[in-house]
Amino acid sequence: MAFVPLLAVQPFLAPGIAWALVVIFSVLWIALGVSWGRRGSGDADDYMLAGRNIGLALSTATLMASWVTGNTTLLAPEFGYRNGLWGMFSYALAGLGLVLFAPLALRIKTLMPKGRTSGDFIRLRYGRAAWWVFMVITAIYTLGFLVTQAMGAGILLEALSGFDYRLGMVVVIGVSTIYTLYGGMRAVVGTDFIQSLLIMGLLVLVAVLALQQFPVQELHRELAAQHPERLNLLLPAGLLIAWNSALFSMGEVFHNNIWWSRVFSSRASVVFASFVLGGLAWMTVPLVTGSIGLVALAQAVELPQVNMLFPVVASQLLGAGGAALVFVVVFASLTSTLDSLLASTADLVAEDVVFKLLNPNLSDAQLRQATRLVVLGLGLLTLLLSWPRLDSLASVLFFTGALVASTIWPVAYGLYWPSANRWAAIAAMVSGSAVGLGAYVLIAPYCAALLSAAVSAVVMAVGTQLQPERFNWLTLKEG
Amino acid sequence: MDSFAGAVLIFVVGGVVTLATTVMVIQGHLHWRGRDPWGEG
Numbered sequence: 035m036a037f038v039p040l041l042a043v044q045p046f047l048a049p050g051i052a053w054a055l056v057v058i059f060s061v062l063w064i065a066l067g068v069s070w071g072r073r074g075s076g077d078a079d080d081y082m083l084a085g086r087n088i089g090l091a092l093s094t095a096t097l098m099a100s101w102v103t104g105n106t107t108l109l110a111p112e113f114g115y116r117n118g119l120w121g122m123f124s125y126a127l128a129g130l131g132l133v134l135f136a137p138l139a140l141r142i143k144t145l146m147p148k149g150r151t152s153g154d155f156i157r158l159r160y161g162r163a164a165w166w167v168f169m170v171i172t173a174i175y176t177l178g179f180l181v182t183q184a185m186g187a188g189i190l191l192e193a194l195s196g197f198d199y200r201l202g203m204v205v206v207i208g209v210s211t212i213y214t215l216y217g218g219m220r221a222v223v224g225t226d227f228i229q230s231l232l233i234m235g236l237l238v239l240v241a242v243l244a245l246q247q248f249p250v251q252e253l254h255r256e257l258a259a260q261h262p263e264r265l266n267l268l269l270p271a272g273l274l275i276a277w278n279s280a281l282f283s284m285g286e287v288f289h290n291n292i293w294w295s296r297v298f299s300s301r302a303s304v305v306f307a308s309f310v311l312g313g314l315a316w317m318t319v320p321l322v323t324g325s326i327g328l329v330a331l332a333q334a335v336e337l338p339q340v341n342m343l344f345p346v347v348a349s350q351l352l353g354a355g356g357a358a359l360v361f362v363v364v365f366a367s368l369t370s371t372l373d374s375l376l377a378s379t380a381d382l383v384a385e386d387v388v389f390k391l392l393n394p395n396l397s398d399a400q401l402r403q404a405t406r407l408v409v410l411g412l413g414l415l416t417l418l419l420s421w422p423r424l425d426s427l428a429s430v431l432f433f434t435g436a437l438v439a440s441t442i443w444p445v446a447y448g449l450y451w452p453s454a455n456r457w458a459a460i461a462a463m464v465s466g467s468a469v470g471l472g473a474y475v476l477i478a479p480y481c482a483a484l485l486s487a488a489v490s491a492v493v494m495a496v497g498t499q500l501q502p503e504r505f506n507w508l509t510l511k512e513g
Numbered sequence: 554m555d556s557f558a559g560a561v562l563i564f565v566v567g568g569v570v571t572l573a574t575t576v577m578v579i580q581g582h583l584h585w586r587g588r589d590p591w592g593e594g
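Chains as they are written, first to last, in our numbering: chain A, 35 to 513; chain B, 554 to 594.
The structure is reproduced here in structure tokens:
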């Protein structure tokens, strides 16, 4: 999930320890990324898609790590704290995007054995006009995601360790860009594997310790006595947000090249299982961190700011070690998301814009070089855009829910039904985005993705019924 | 419309859209299982 919390509290970690952790993990990620990047054949497919040969464990881990952002560990406890059970469940439903993409991933892998990007699919399936609409949507979303993650890195590291905002931001962007630049997708997948193990292991440790000190029965009794509304599944605030995460996440996953590049990178035999397992594994993170929010609520923990709940509880349980642990989890979450965004967006720009649109005569070596230059350019652009600190950017990013949710039906319908009409797809994306943005402004942010997806679905289905196409699936084979 | 009725309405609409999308994807997946992926279906 691509949201960034706002923080402004005393640092939890001594600067010396924070510096040591940053140096250790920065050197580790860069060394491993560069080392893994040297393996393989060295052609464009190897750099962009890790040789299309990733197995189940690596594929599952990279999906899960890319989907865990700094916010999954810091915002999910706040959801649990504020909205109780529905807060946890609704945040966890964001994993549905990955699970539901599993059958689509299998179909993509079968239909497009040479495909490289989600843009390839839209161009071949619906034509250049639809591709332009799609590229505008994905560009706005991806830039928003990149910049909010980078800003989130600066803000989070500042809150946790007292680092200057710009220093934390530069370190996280710099480290992610360097190992992605040298190692490509192979480096991203390898580091994601270790980062996902770190994230899961450390989160489980904190949750187990929290629930040991405060057993479930006691937690339930305390919440039922002090905060019964947090256990109420008919809480209006909970009902309002219940499906927003699910539909927003479907929009994010179905359209964005982060997830399409994982499909093309993985072996055909593992692609379905890895998306199901990655989604289910991810769901445990907001459930675990959300339950920490409930523990804090039941224990009436004093919070300087509610989005610092996870560091506060971890520090209470484990002292300075707990703060260091949170720092490592957040650092791993941020780098694993940024590297995926950089690599897959560079693939999209190099393949769809530089190669297919501007210069179809590029050689394989030139395409690889172009992809590397785009990684570097994106890193620098992210740095530039994130330089002025904008704490209000998080709310702006909710806008993108309206845009990405409009792509759910055009993508899925176009993968399964040859009758899916290209003009209906364009109308679905445009009208869904417009209605979603209108709902964001006129009704409430949590309605944006929901109404966008609803309108897009109706337009896509009705438009196709009125004017069915006869698409030849073999067209996708060239991509 | 009070806040509870409004919340229920949003919840129901969201549930219907999510369910419809899920059904469409599963239907498509089952339709192509065991068939020629490049055939007319």
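The beta-carbon is built from N, C-alpha and C at its ideal position, and this holds for glycine as well.
From what residue to what residue does the alpha helix (DSSP H) around residue 579 of chain B run? 556-585
Can you name, in chain order, every residue of its own chain whose Cβ lies under 8 Å from the Cβ of residue 207 of chain A, other than the five neighbours on each side? 184, 187, 372, 413, 416, 417, 420
Would a check of beta-carbon distances place residue 122 of chain A closer than 9 Å to chain B? no
Which residue or residues does DSSP assign as beta-bridge partners of residue 300 of chain A? A/88
Against chain B, with Cβ distances strictly below 9 Å, would residue 278 of chain A count as a contact? yes
Give the residues of chain B in contact with residue 145 of chain A, contact being defined as C-beta atoms less than 9 Å apart. 590, 591
Out of A/210, A/161, A/294, which has the shortest C-alpha to C-alpha gap to residue 132 of chain A? A/294
On the three-state DSSP scale, how would you describe residue 198 of chain A? coil
Please state whether DSSP places residue 390 of chain A in a helix, a strand or coil. helix
Determine the DSSP secondary structure at residue 309 of chain A, reduced to helix, strand or coil. helix
Would you mind working out which of A/369, A/115, A/239, A/263 sits nearest residue 182 of chain A, comparing C-alpha positions? A/369
Rounded C-alpha distance that separates residue 31 of chain A from residue 98 of chain A: One cannot answer for residue 31 of chain A here, as it falls past the ends of chain A, which runs 35 to 513.
Which term fits residue 506 of chain A, buried or exposed, when burial requires 16 or more other beta carbons within 10 angstroms of its beta carbon? exposed
Using three-state DSSP, classify residue 41 of chain A as helix, strand or coil. Its pLDDT being 43, under 50, residue 41 of chain A is placed unreliably in this model, and the value from its coordinates should be taken loosely. Residue 41 of chain A falls in the coil class under three-state DSSP.
For residue 137 of chain A, return the contacting residues in chain B, with the cut-off set at a CB-CB distance below 8 Å. 578, 579, 581, 582
Alpha carbon to alpha carbon, how far is residue 365 of chain A from residue 104 of chain A? 8 Å
Looking at chain B, which residues of the segment 428-456 of chain A have a Cβ within less than 8 Å of any of its Cβ atoms? 442, 443, 446, 447, 449, 450, 451, 452
Closer than 7 Å, Cβ to any Cβ of chain B: which residues of the segment 476-509 of chain A, in chain order? 481, 484, 487, 488, 491, 507, 508
Cβ neighbour criterion (16 or more within 10 Å) applied to residue 36 of chain A: At residue 36 of chain A, the pLDDT of 42 sits below 50, so the modelled position is not reliable; the number obtained from the coordinates is stated separately. It is buried - the Cβ of residue 36 of chain A has at least 16 other Cβ atoms within 10 Å.
Within 9 Å, strictly: CB atoms of residue 280 of chain A and residue 124 of chain A: yes
Residue of A/476, A/498, A/347, A/118 minimising C-alpha distance to residue 460 of chain A: A/498
Round the Cβ separation of residue 137 of chain A and residue 578 of chain B to the nearest angstrom and send it over; I've been treating them as touching at under 8 Å. 6 Å
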